[in-house]
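Notes to accompany the following structure.
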């Protein structure tokens with residue numbers, strides 16, 4: 001099936017983006033990001049077409065567009081180690097975009113970016129200027145037939161120095177982690193002892209509160225009974241006094257003569 005005009009335009013723009021990605025760009029370059037955004041729109045439109053290509057072709061286009069997008073995001077990171085880590089997770093295309101390519105352009109861009117980020121990491125570790133590394137690589141590519149013994153010794157010495165720094169850094173980190181683990185264990189044991197004491201104090205307080213509540217309940221019942229008994233005796237005493245007064249008044253009236 002013949003390719004549609006939209007697919008042809010997508011392939012042309014994809015080839016242009018791959019060529020721009022392979023070149024050394026200025027940090028303020030904005031065209032590649034805009035082109036990749038246009039590629040995403042064209043890819044979505046191609047997927048929505050009725051006469052769209054095979055699913056394998058669309059997946060390959062999506063793979064290459066995602067690779068270019070991930071590469072641009074990796075370039076925006078500040079640290080070279082973060083860039084190298086993000087570059088490892090990128091998946092370049094597996095099929096060349098055009099018939100003239102022997103190796104997929106995205107794979108070449110992936111290898112170039114990996115080498116560049118590795119060179120930047122090496123420059124940061126050794127404290128050298130990263131701008132000099134590409135010049136040295138170019139000299140090795142175009143003007144040197146083979147490595148010289150002095151260069152091999154220097155490279156071996158630099159590699160040993162880098163490995164020694166890494167080893168010292170790892171030992172320092174291990175000691176710091178061991179110290180933190182010991183400090184954490186000490187604080188954990190101290191906190192556990194304090195919590196245990198607090199739990200014992202709380203248990204004792206709850207036990208004493210339960211005992212006081214039982215005593216208070218018993219005393220309340222005794223007081224209620226005593227109050228009821230006191231009220232009964234007082235009532236009977238008042239009745240007896242009233243009866244005695246009444247009888248006394250009657251006798252007094254009977255005994256005393258009437259006044260004339």
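Residue numbers (this note's numbering): 1 to 260. All residues carry an ideal CB built from backbone N, CA and C; glycine is no exception.
{"query": "Look at the alpha carbon of residue 205 and the alpha carbon of residue 224, and state the distance between them as a whole number of angstroms.", "result": "28 Å"}
{"query": "Return the first residue and the last residue of the alpha helix (DSSP H) that residue 263 is part of.", "result": "This structure gives no information on residue 263, because the portion of the chain shown stretches from 1 to 260."}
{"query": "Between residue 105 and residue 18, which are expected to be in contact by the criterion C-beta below 8 Å, what is the C-beta distance as a whole number of angstroms?", "result": "4 Å"}
{"query": "Using CA atoms only, rank isn't needed, just tell me which of 98, 112 and 103 is closest to residue 261.", "result": "Any question about residue 261 goes unanswered here, given that the chain covers just 1 to 260."}
{"query": "Compute the beta-carbon to beta-carbon distance between residue 10 and residue 61, rounded to the nearest angstrom, for a pair I have assumed lies under 8 Å.", "result": "7 Å"}
{"query": "May I have the straight-line CA-CA distance separating residue 169 from residue 32, to the nearest angstrom?", "result": "39 Å"}
{"query": "Please tell me whether residue 110 and residue 92 are closer than 8 Å, where the distance is taken between their beta carbons.", "result": "yes"}
{"query": "Can you look up residue 122 in the DSSP assignment and give me helix, strand or coil?", "result": "helix"}
{"query": "What is the rounded straight-line gap between the Cα of residue 211 and the Cα of residue 199?", "result": "18 Å"}
{"query": "Can you tell me whether DSSP reads residue 177 as helix, strand or coil?", "result": "helix"}
{"query": "May I have the straight-line CA-CA distance separating residue 207 from residue 216, to the nearest angstrom?", "result": "14 Å"}
{"query": "Going by CA-CA distance only, name the one from 98, 117 and 45 that's closest to residue 78.", "result": "117"}
{"query": "Going by DSSP, what residue range makes up the alpha helix (DSSP H) through residue 39?", "result": "31 to 48"}
{"query": "Check this for me: beta carbons of residue 35 and residue 8, under 8 Å apart or not?", "result": "no"}
{"query": "On the three-state DSSP scale, how would you describe residue 4?", "result": "coil"}
{"query": "Can you list, in chain order, the residues of its chain whose CB lies under 8 Å from that of residue 58, leaving out five sequence neighbours each side?", "result": "43, 46, 47 and 52"}
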